[in-house]
Amino acid sequence: MARAWITDRWVKDATVTMPDGTTTKISPTSAQLRALKTLPEHFRTTKFGRGSRWEAGWYEPDGTQRKRLFPRRSDAETFTASLEDDIRSDRYIDPSAREQTFAAIAEAWLASKNRIKDSTWRRYRRELDNYVLPKWGATPIGAITRPQIDAWILHLRDGTAPHVFDVNHHIKQTARVPAKMAPAYLGHIVRSTFGGPLRYAVAESIIGRNPLANVELPRSEGDLEHDLPHLTHLDIETLADTARELTGRPVDRALLLLLAYSGPRIGEATALRVRDLEPTHQRARIHRTWTVDREGRRKLGPVKTWEKRWIPIPTFLMAELADLTAAGAPDDFVFTAARGGAIDGTNWYNRVWRKTRIAAGLATTMSVHDLRHVAATNAIAAGADVKLVQQMLGHKDATETLNTYAHLWPDRVADVIAAVEQRRNDALTTARFRTA
Numbered sequence: 024m025a026r027a028w029i030t031d032r033w034v035k036d037a038t039v040t041m042p043d044g045t046t047t048k049i050s051p052t053s054a055q056l057r058a059l060k061t062l063p064e065h066f067r068t069t070k071f072g073r074g075s076r077w078e079a080g081w082y083e084p085d086g087t088q089r090k091r092l093f094p095r096r097s098d099a100e101t102f103t104a105s106l107e108d109d110i111r112s113d114r115y116i117d118p119s120a121r122e123q124t125f126a127a128i129a130e131a132w133l134a135s136k137n138r139i140k141d142s143t144w145r146r147y148r149r150e151l152d153n154y155v156l157p158k159w160g161a162t163p164i165g166a167i168t169r170p171q172i173d174a175w176i177l178h179l180r181d182g183t184a185p186h187v188f189d190v191n192h193h194i195k196q197t198a199r200v201p202a203k204m205a206p207a208y209l210g211h212i213v214r215s216t217f218g219g220p221l222r223y224a225v226a227e228s229i230i231g232r233n234p235l236a237n238v239e240l241p242r243s244e245g246d247l248e249h250d251l252p253h254l255t256h257l258d259i260e261t262l263a264d265t266a267r268e269l270t271g272r273p274v275d276r277a278l279l280l281l282l283a284y285s286g287p288r289i290g291e292a293t294a295l296r297v298r299d300l301e302p303t304h305q306r307a308r309i310h311r312t313w314t315v316d317r318e319g320r321r322k323l324g325p326v327k328t329w330e331k332r333w334i335p336i337p338t339f340l341m342a343e344l345a346d347l348t349a350a351g352a353p354d355d356f357v358f359t360a361a362r363g364g365a366i367d368g369t370n371w372y373n374r375v376w377r378k379t380r381i382a383a384g385l386a387t388t389m390s391v392h393d394l395r396h397v398a399a400t401n402a403i404a405a406g407a408d409v410k411l412v413q414q415m416l417g418h419k420d421a422t423e424t425l426n427t428y429a430h431l432w433p434d435r436v437a438d439v440i441a442a443v444e445q446r447r448n449d450a451l452t453t454a455r456f457r458t459a
């Protein structure tokens with residue numbers, strides 16, 4: 024049986040009785056088909072003149088029968104030819120699958136993410152609800168095109184893209200309006216959160232190709248060499264003293280110093296317990312971090328495999344940490360809140376860091392995370408190599424470290440070329456001496 028075929032829904036063969044009493048089927052002539060309005064009644068089906076005339080039918084590989092209607096025979100022929108080619112070459116995709124909405128595919132994709140951290144899941148959920156679904160949710164997955172994506176990216180960049188900020192209690196609508204989007208944030212929304220469902224659809228044979236595959240994203244126009252935050256040692260000390268004066272708590276000074284000299288993430292620092300400190304080796308073990316569950320509730324969780332590490336701690340800071348934890352049990356948190364328990368990073372930003380910046384008149388635009396850059400730049404200035412900085416910051420590989428800080432290491436090109444030239448001169452001098 025043919026895998027695909029075309030049926031005329033308006034016209035049929037007629038059964039006639041011959042003079043000898045036998046019956047036979049006859050088809051309308053070409054002239055009759057050209058003049059459908061006068062087509063004899065016995066050639067007309069019960070659907071004559073209603074809906075599209077041509078029906079393409081086919082069997083899926085599992086034996087299920089499908090059909091699609093077309094107004095012109097040429098369209099039906101083109102469709103069935105392509106269909107048969109896809110079936111023969113094992114590229115077949117059920118055309119009706121392409122009609123599923125992006126929202127339905129996005130939910131299936133998100134439900135399949137069983138190995139990601141809850142905080143990552145929550146970020147996907149937030150970005151889907153805030154930016155992706157307001158634009159693409161009702162669109163059939165197979166109808167998304169690259170020109171549409173290109174236009175959306177420009178709207179995201181300019182802060183004019185469709186958005187909804189109050190879904191699932193992510194952000195209250197009155198608390199935020201769209202703004203121009205940074206390239207890194209835009210890239211995550213487009214490549215990861217929007218691209219994930221598209222890649223899922225390709226893998227599940229819902230669409231044949233990914234319309235996002237060759238899309239170009241905006242690049243940052245910033246000058247990394249001058250954009251990296253930097254604080255002098257005097258600046259850091261001033262900020263640390265200011266934090267202690269504002270809150271009256273030495274723990275805030277110590278936390279700020281640890282962030283600025285050892286470079287942990289705020290969630291890693293506030294997850295440290297007394298037993299994680301090794302005073303004799305001047306280091307602390309990073310293996311846990313504060314994160315959130317899928318409902319946004321704060322919880323402790325493991326860091327990624329490559330983020331497990333020991334961070335160096337200067338002697339003066341280790342002494343301050345020893346004073347802080349002198350009366351603490353091994354399982355107590357190093358950095359404790361006034362009411363007990365570990366300091367909350369978001370609360371510390373609002374209660375301590377933001378006020379400290381203003382009071383000290385320093386680092387007025389710096390985030391808490393920027394203190395990691397401060398730690399890295401000062402370590403490099405003190406002679407730290409790429410591997411040490413990678414390990415200190417918990418980067419996955421040295422490439423990540425070099426992409427951010429390569430310009431901070433001394434440029435030794437002139438020294439190297441001078442050494443090469445000297446070796447050349449020595450070699451030529453030796454050769455001439457031997458032939459003299």
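Numbering-wise, the sequence shown is residues 24 to 459 according to this note's numbering.
The beta carbon of each residue, even a glycine, is placed where N, CA and C say it ideally should be.
Minimum Cβ-Cβ distance from residue i to chain D less than 9 Å
i, result
"V391", "Included in the structure is just one protein chain, with no chain D present."
C-alpha gap between residue i and residue j, whole angstroms
i, j, result
"R447", "A402", "36 Å"
"D36", "I49", "6 Å"
"L282", "D316", "25 Å"
"L251", "V225", "39 Å"
"E150", "I116", "29 Å"
"Q171", "G210", "16 Å"
"T359", "T293", "8 Å"
"A404", "R311", "29 Å"
"D449", "R457", "12 Å"
"Y428", "L451", "39 Å"
"A350", "G406", "36 Å"
"N373", "M389", "13 Å"
"G80", "S215", "38 Å"
"G363", "M204", "38 Å"
"T45", "T52", "21 Å"
"G384", "W371", "18 Å"
"T38", "P94", "26 Å"
"L431", "L411", "14 Å"
"R57", "P63", "12 Å"
Short Cβ contact (9 Å threshold) for residue i with residue j
i, j, result
"G219", "W132", "yes"
"Q413", "E423", "yes"
"R296", "D346", "no"
"V274", "G417", "no"
"V375", "L269", "yes"
"P163", "R121", "yes"
"L278", "I336", "no"
"A161", "A202", "no"
"P118", "R89", "yes"
"R180", "P206", "yes"
"W333", "I309", "yes"
"E130", "R26", "no"
"E100", "I29", "yes"
"D141", "K322", "yes"
"A421", "V409", "yes"
"L344", "V357", "yes"
"I167", "I229", "no"
Own chain, CB closer than 8 Å to residue i, minus 5 neighbours either side, in chain order
i, result
"W144", "L133, K136, R317"
"A386", "P252, L254, D258, L262, R380, D393"
"T124", "G160, A161, T162, P163, I164"
"A352", "V297"
"A442", "none"
"T453", "none"
Neighbourhood of residue i by C-beta, 6 Å cutoff - its chain only, sequence neighbours within 5 removed
i, result
"A342", "none"
"L221", "N233, L235"
"R76", "R32, W33"
"E78", "T30, R32, K90, L92"
One or two residues paired with residue i in a DSSP bridge
i, result
"D420", "According to DSSP, which records beta bridges pairwise, D420 is partnered with nothing at all."
"T47", "V39"
"D31", "W77"
"A66", "The residue you asked about is not Ala; residue 66 is Phe in the sequence shown. According to DSSP, F66 bridges with nothing at all."
"L411", "None, per the DSSP bridge assignment."
"V334", "One detail in the question is off: residue 334 reads as Ile in this sequence, not Val. DSSP lists A307 as partners of I334."
"W313", "L323"
"P502", "No answer is possible for residue 502: it lies beyond the span of the chain, which begins at 24 and ends at 459."
"E100", "In the DSSP output, where bridge partners are listed per residue, E100 has none listed."
Own chain, CB closer than 7 Å to residue i, minus 5 neighbours either side, in chain order
i, result
"A266", "D275, R276, L279, V375, T379"
"T338", "Q305"
"I139", "none"
"D173", "V238"
"P433", "none"
"E444", "none"
Cβ-Cβ separation, residue j to residue i (assumed contact under 8 Å), whole Å
i, j, result
"A398", "S285", "6 Å"
"I289", "G231", "The Cβ separation is near 45 Å, so there is no contact."
"I176", "L92", "Incorrect: roughly 36 Å between the Cβ atoms, too far for contact."
"V155", "F217", "5 Å"
"Q55", "F71", "Wrong, their Cβ atoms sit about 13 Å apart, outside the cutoff."
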